[in-house]
Amino acid sequence: MNHMIRLSTLCLAALLISAAGVWGEDITGFTALQVKGTCKIKTPDADAYRAIETGLEYTFGSTVKTMRKSYVELQFSNNNRFRLLARTTLTIDQGTRDPKLKIVKLESGHIELQLDDFPADHSIKVETPTAVCGAIGTRFVIAFEDDQADADAAIAKKGGRENRFSCSAGEVYVASRFSIDKQAVEGDTLDIPGFGAGAEIVAVIHEGKENSYTDIIVNRGKLTFNYGGDNKNSLVVEGKKGKPARFVCALEKAAKKDAKISVLALQVKEGVVENRKKKIFGRFEMTTITPDNEAVVVKNSRVGKPKDDADNVAGSYIDAARKEGEIHSTLVDLEKEPVPDVNAIAKARIDLDAAAKEATRLRKLLHKRTRKMMDIQRRAQNRNRPRR
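Take 11 as the starting number for the sequence shown in our numbering and just add one per residue.
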């Protein structure tokens with residue numbers, strides 16, 4: 011049975027590892043099987059793009075671009091192929107330390123991969139700017155900032171970071187991918203350990219300067235979301251056809267790899283989110299959160315609403331973190347322009363500093379009120395314990 015995993019991503023990085031494979035020859039490059047419309051390639055030794063041709067083997071490090079109403083089907087080896095749909099740009103590379111690791115860096119667009127006979131000793135990693143997504147299976151699709159038909163829409167969405175993932179067979183896992191001290195850090199903000207056939211999600215993931223923001227929609231399937239690295243808070247979310255679940259989160263951006271972030275602000279927009287707290291003997295305590303709860307705080311897997319919160323600091327922090335993340339994403343996109351607008355970049359940096367300062371102020375205030383909230387909960391629990 012053929013497996014297909016369909017993912018669509020806006021600003022995220024995707025890691026795809028095929029566990030179902032066979033031992034075979036090393037993959038040393040890729041070829042074009044079919045070309046429709048205008049499809050171009052820029053190899054590592056070239057200064058400009060040229061038309062991609064079928065039958066030629068291209069080296070890793072090449073960038074492929076498809077134009078409007080175009081697509082190209084590429085192949086690593088027999089029965090291991092991938093298709094780029096219209097308005098897609100990506101670079102196909104391999105690991106410097108591990109040449110058996112193949113890396114697809116998706117800048118924008120939509121790709122479909124079919125790895126029916128991918129060598130068992132090889133792995134493939136698909137990255138987008140703010141996420142990494144992994145797949146166990148043989149067929150899957152990934153898209154990032156997918157605006158196949160409308161160039162104006164792509165320009166208008168500068169700074170957007172929408173990711174789409176869907177799975178029809180096999181298993182997919184996703185993690186955030188942020189830049190810290192010029193190094194990519196994966197999973198310390200958000201980690202989705204695995205979801206199976208039939209699941210479909212949309213994830214906006216914004217990396218800010220000091221805070222991060224996510225907006226998640228689960229259209230189908232039951233998924234677990236871990237926030238905060240090793241000190242993770244786990245959320246279980248289920249969406250059904252016609253009844254999606256949506257929630258937004260804000261939390262401190264990890265300052266270093268393997269950071270432990272214990273507090274996040276959460277608001278459920280649609281459906282139900284369950285907070286999962288691990289108990290002894292492998293059991294879990296589940297706390298249901300709905301849109302009626304407004305914005306809440308989750309700390310060390312416990313849910314609450316701070317006392318003296320008439321000004322709704324949790325909701326204000328979520329809004330501020332979103333603003334900071336959107337400005338940061340816009341700045342990143344401005345800096346990638348072929349001819350950068352120095353004035354626009356300078357203004358974006360000033361705006362980012364101000365937005366980060368305000369979001370961090372609200373986060374620290376939220377932490378202060380959360381400590382008071384947890385102390386009250388702890389005293390209440392102690393009072394309710396049976397005396398011996």
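Just so it is clear, CB atoms sit at the ideal spot from N, CA and C, and this is done for glycine as well.
According to the Cβ coordinates, are residue i and residue j closer than 9 angstroms?
| i | j | result |
| --- | --- | --- |
| leucine 233 | glutamate 284 | no |
| valine 214 | isoleucine 202 | no |
| threonine 380 | valine 258 | no |
| threonine 53 | glycine 71 | yes |
| glutamate 117 | threonine 138 | yes |
| alanine 42 | threonine 64 | yes |
| isoleucine 51 | threonine 73 | yes |
| arginine 78 | arginine 97 | yes |
| glutamate 262 | serine 222 | yes |
| serine 133 | leucine 111 | yes |
| tyrosine 68 | glycine 47 | no |
| lysine 270 | glycine 238 | yes |
| histidine 216 | glutamate 334 | yes |
| lysine 279 | proline 301 | yes |
| alanine 369 | glycine 144 | no |
Could you tell me if residue i is buried or exposed, where buried requires 16 or more neighbouring beta carbons within 10 angstroms of its beta carbon?
| i | result |
| --- | --- |
| leucine 66 | exposed |
| glycine 406 | Residue coverage of the chain in this structure runs from 11 to 398, which leaves residue 406 outside it and unanswerable. |
| lysine 378 | exposed |
| arginine 60 | exposed |
| arginine 230 | buried |
| arginine 149 | buried |
| glutamine 44 | exposed |
| glutamate 347 | exposed |
| lysine 135 | buried |
| glutamate 295 | exposed |
| glycine 252 | exposed |
| alanine 166 | Note that alanine 166 scores a pLDDT of 42, beneath 50, so its modelled location is shaky; the value from the coordinates is reported in the next line. Burial call: exposed. |
| alanine 163 | Here the model assigns alanine 163 a pLDDT of 43, short of 50, so the residue's position is not dependable and the matter cannot be decided. |
| glycine 105 | exposed |
| alanine 56 | exposed |
| lysine 441 | Coverage of the chain is limited to positions 11 through 398, which leaves residue 441 absent and any answer about it impossible. |
| glutamate 336 | buried |
| alanine 255 | buried |
| threonine 199 | buried |
| aspartate 225 | buried |
| alanine 356 | exposed |
Which one of the options has the shortest CA to CA distance from residue i?
| i | options | result |
| --- | --- | --- |
| valine 306 | Gln277, Gly281 and Thr298 | Gln277 |
| lysine 115 | Asp103, Cys49 and Tyr81 | Asp103 |
| phenylalanine 188 | Glu345, Gln85, Ile152 and Val142 | Val142 |
| aspartate 131 | Pro109, Ile271 and Gly144 | Pro109 |
| alanine 153 | Gly119, Ser186, Lys287 and Lys253 | Gly119 |
| threonine 101 | Asp127, Ala260, Gly39 and Pro129 | Gly39 |
| alanine 275 | Lys250, Arg312 and Glu336 | Arg312 |
| arginine 359 | Ile211, Pro254 and His338 | His338 |
| isoleucine 8 | Val182, Asp361 and Thr298 | Coverage of the chain is limited to positions 11 through 398, which leaves residue 8 absent and any answer about it impossible. |
| alanine 260 | Thr298, Glu220 and Asn303 | Glu220 |
| proline 129 | Lys357, Glu35 and Thr340 | Glu35 |
Exercise. Tell me, please, whether the region 85-94 touches the region 122-136 by the rule of three or more beta-carbon pairs shorter than 8 angstroms.
Key: Counting Cβ pairs under 8 angstroms, three or more are found: they touch.
Practice problem: Report yes or no: do three or more beta-carbon pairs, one from the region 205-224 and one from the region 173-182, lie closer than 8 angstroms? | Solution: These segments touch.
Quiz prompt | Contact between the region 323-330 and the region 361-379 (3+ Cβ pairs under 8 angstroms) | solution = Using a Cβ-Cβ distance cut-off of 8 angstroms, the region 323-330 and the region 361-379 are in contact, since at least three pairs of beta carbons, one from each stretch, lie closer than that value.
Exercise. Could you say if the region 296-311 and the region 350-366 meet the contact criterion of at least three C-beta pairs nearer than 8 angstroms?
Key: Not touching, per the Cβ criterion.
Self-check item: Any 3 or more C-beta pairs closer than 8 angstroms across the region 353-365 and the region 329-345
Solution: Yes: at least three Cβ pairs fall under 8 angstroms.
Quiz item: What residue ranges within the region 193-272 form continuous beta strand (DSSP E) runs of no fewer than 3 residues, ordered along the chain?
Solution: Qualifying beta strand (DSSP E) stretches, in chain order: 193-206, 210-217, 221-237, 243-249 and 255-262.
Exercise. Only counting runs of 3 or more residues, tell me where the beta strand (DSSP E) segments fall wholly within the region 308-362, in order along the chain.
Key: Taking only runs of at least 3 residues, the beta strand (DSSP E) segments lying wholly in the region 308-362 are 312-314.
Quiz prompt | Complete beta strand (DSSP E) runs within the region 28-75 (minimum length 3 residues, chain order) | solution = Whole beta strand (DSSP E) segments, 3+ residues: 40-46 and 49-52.
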